[in-house]
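Asks:
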Amino acid sequence: MPTIYILWLRQLKRYLRSTPRLIGSLGQPVLFLVALGFGFGPIYQKAGGGNYLQFLAPGIIGMAILFMAVFMGIELIWDRQFGFLKETMVAPVPRWQIMFGRTMGGATVATMQGVAVLLISFSAGFRPDTWLGIVPAVGLMFLIALMFTALGTAIASKMQDMHGFQLIMNFLIMPIFFLSGALFPLDNLPSAIGTITRFNPMSYGVDGLRWALINSSHFGPLQDFAVLTGATVVFVGIGSYLFSKIEV
Amino acid sequence: MIKVENLIKKYGEFTAVNGVSFEVEKGEIFGFLGPNGAGKTTTIKMLTTLTRPTSGHVHLNGFDPINCPSDARKSFGIVFQDPSLDDELTVWENMEFHGVLYSIPKKERRRRVQELLTFVELWDRKNDLVKTFSGGMKRRLEIARGLLHHPKIFFLDEPTLGLDPQTRNHIWEYIKDMSQQEGTTIFFTTHYMEEAEKMADRIAIIDHGRIVAQGTPWDLKKLTDTRSLEEAFLSLTGKELRAESASAADNMRLRSRVWRR
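Chains as they are written, first to last, in the numbering used here: chain D, 1 to 248; chain U, 1001 to 1261.
#1: In terms of residues, what are the limits of the beta strand (DSSP E) holding G1215 of chain U?
#2: Quick one: using the 10 Å Cβ neighbour count with 16 as the cut-off for buried, is N200 of chain D buried or exposed?
#3: Do we get a CB-CB distance below 7 Å when we pair I1153 of chain U with the residues of chain D?
#4: Going straight from the alpha carbon of G1027 of chain U to that of R1111 of chain U, what length do you get?
#5: For L1116 of chain U and L1147 of chain U, which I take to be in contact (beta-carbon distance under 8 Å), what is that distance rounded to the nearest angstrom?
#6: For A107 of chain D and Q113 of chain D, I'd like the C-alpha separation in whole angstroms.
#7: At a CB-CB cut-off below 7 Å, which residues of chain U make contact with P20 of chain D?
#8: Whose CA, out of D:L31, D:V248, D:M159, D:A69, lies closest to the CA of V236 of chain D?
#9: Closest to P1159 of chain U by C-alpha separation, out of U:H1150, U:H1149, U:K1152, U:L1141, would be which residue?
#10: Three-state secondary structure (DSSP) at K1003 of chain U?
#11: Indicate, with yes or no, if the ligand MG has a heavy atom lying under 6 Å from the CB of E1173 of chain U.
#12: Using a 10 Å radius around the Cβ and a threshold of 16 neighbouring Cβ atoms, would you call K1198 of chain U buried or exposed?
#13: If the cut-off is 9 Å on Cβ atoms, which residues from the segment 1045-1064 of chain U count as contacting chain D, listed in chain order?
#14: In chain order, what residues of the same chain have a beta carbon less than 6 Å from the beta carbon of E1244 of chain U, not counting five sequence neighbours either side?
#15: Is the segment 1037-1056 of chain U close to the segment 1082-1091 of chain U, with three or more CB pairs under 8 Å?
#16: Would a check of beta-carbon distances place S1134 of chain U closer than 7 Å to chain D?
#17: In whole angstroms, give me the CA-to-CA distance for G105 of chain D and R1145 of chain U.
#18: What are the boundary residues of the beta strand (DSSP E) that includes A1016 of chain U?
#19: Would you mind telling me which residues of chain U sit closer than 9 Å to G105 of chain D, beta carbon to beta carbon, in chain order?
#20: Which chain D residues are close to L1161 of chain U, counting only those with a beta carbon under 9 Å from its beta carbon?
#21: Work out the CA separation of S1084 of chain U and K258 of chain D for me, nearest whole Å.
#22: Distance check for L172 of chain D and P128 of chain D, CA to CA, integer angstroms please.
#23: Please report how far the alpha carbon of E1025 of chain U lies from the alpha carbon of L26 of chain D, in whole angstroms.
#24: Can you tell me where the alpha helix (DSSP H) with D1177 of chain U in it begins and where it stops?
#25: In the DSSP assignment, the beta strand (DSSP E) including F1030 of chain U goes from what residue to what residue?
#26: Could you tell me which chain D residues have their CB closer than 8 Å to the CB of L1085 of chain U, listed as they occur along the chain?
#27: Cβ closer than 7 Å: which chain D residues qualify as neighbours of F1080 of chain U?
#28: Counting only Cβ pairs nearer than 7 Å, list the residues of chain U close to A91 of chain D.
#29: Suppose contacts are defined by Cβ-Cβ distances below 7 Å. Is V206 of chain D in contact with A231 of chain D by that definition?
#30: Would you verify that the beta carbon of E1088 of chain U is, or is not, closer than 7 Å to some beta carbon of chain D?
#31: Count the other CB atoms, across all protein chains shown, that sit within 10 Å of the CB of I1066 of chain U; report buried if there are 16 or more and exposed otherwise.
#32: For W211 of chain D, is the classification buried or exposed, using 16 other Cβ atoms within 10 angstroms of its Cβ as the cut-off for buried?
#33: Determine, using beta carbons only, whether K1040 of chain U and E1023 of chain U come nearer to each other than 7 Å.
#34: Go through its chain and collect everything with a Cβ distance to A1246 of chain U's Cβ below 7 Å, but skip five positions before and after it.
#35: Cβ closer than 7 Å: which chain D residues qualify as neighbours of F1097 of chain U?
#36: Just curious, the alpha helix (DSSP H) that D79 of chain D is in, first and last residue?
The structure is reproduced here in structure tokens:
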């Protein structure tokens, strides 16, 4: 327990100390929210979809969490390059505890990021269906964060340096985001896209957030929650396994 | 205290360490010397549970690093060749982190952190971020950190690399003091032969993954009929440059590491 706690604390401290990163990482979600929310708003309204900003905000919160979480996981490569990883690897504690502490820390940071975007979206005019919905929303945010931090850790366990980062971003993370229904409704999609979104765990995260925040769901909250929990367990398992196999 | 029998490490076709055996007694200061790419760091990695040997046996303080990694890990402290501090944390936080990982009780931890930071003359800087430190200060902090949990064995992989003579002298003084006060066994590598000659009780010289000679500095000089350890070293390992073989070895290691299947 102390091991998990100290690694969690370390991730948090590192994040809170770097002010440029705190601000910088909010730039992208805000831009998406404003440009897409207000840009596509009128046309979405005309097509009979209602208020696009209401629809979009949970998707952008999901996006902010996804990017931050994967990044927090992949940061492991820095620890490897700057040597700190070795310090934890020779410590007399089980490797899974190190991985889990790190991942919990990263997930906490990513959840904070999600909450920050939620607060910003209020100023853009977003209003949740019921304010009470924020409670399950934060819970779902943490699940999404945990799942993708674990994914980032799993990937980083297999990488020696940041050279592969673009590859991961463009061929894994971007598709996970764009094909999750974060930007568009999942109803009546062409069957190929529809199938992909159904196998994308992120779809269930975004859908869950929509259920909690605007009371509209494609899969239903039960399925969202079940798939998210299942995928999180799997990713944390794979991440722990790969992490335990690291040789530095 | 350290017992190594017929240790072998292969990376694919390449044999980095090829049947190394030696023993280090309790309280001894043991120098492990060799040209670049000879297998020093690989050997240390196997001794410190970071890499699994292909074959052979290691005993650290009576524990096998493979079967009981936790006990083996508790028995040693280490200063790596490259820095291994968290630059974004303060001196104090780096020490705390280590103390918690080695489950040192809070009261004892606080006392010991103060004692060691005073010992390496960093107590005044305890609340500074490590990223503001010079190479020498980082090294001193790493030494303090490595000693926090009272290790029986202390590994130092080129602890004085790239440091000025003042800092180097200081660091060796700390190490010697500690070895005398606490009876800690010291296992170090270095490229500075005068250091090794002055500090080490016994020395092993490794080349191409094999131990080519071991004994006291005096033994080695006598064996090679030379006047200094540097001459003895050159006489045992030859004079040709190792850039070629070292980079081949490094590439081999790299290739085996990058995107391991």
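Even glycine gets a Cβ: it sits at the ideal position worked out from N, Cα and C.
Replies: Answer, in terms of the structure:
#1: 1210-1215
#2: buried
#3: no
#4: 24 Å
#5: 6 Å
#6: 10 Å
#7: Neighbours of P20 of chain D on chain U: none; closest Cβ ~13 Å, over 7 Å.
#8: D:A69
#9: U:L1141
#10: strand
#11: Questions concerning the ligand MG fall outside what the structure shown contains, since it holds no ligand whatsoever.
#12: exposed
#13: K1045, T1048, T1049, L1050, T1051, R1052
#14: Low per-residue confidence applies at E1244 of chain U: pLDDT is 46, beneath 50, and the placement is therefore not dependable enough to give any value.
#15: no
#16: no
#17: 23 Å
#18: 1014-1024
#19: Simply none; closest approach about 12 Å.
#20: Those within 9 Å of L1161 of chain U in chain D number zero; the least Cβ separation is about 13 Å.
#21: Nothing can be reported for residue 258 of chain D, as the shown portion of chain D is limited to 1 through 248.
#22: 30 Å
#23: 57 Å
#24: 1165-1182
#25: 1029-1033
#26: G83, F84, E87
#27: G83, K86
#28: R1073, L1101, Y1102
#29: no
#30: yes
#31: exposed
#32: buried
#33: no
#34: With a pLDDT of 47 at A1246 of chain U, under the threshold of 50, the modelled position of this residue cannot be trusted; read the value that follows with caution. Excluding sequence neighbours, A1246 of chain U sits near N1036, G1037.
#35: I6, R10
#36: 76-81
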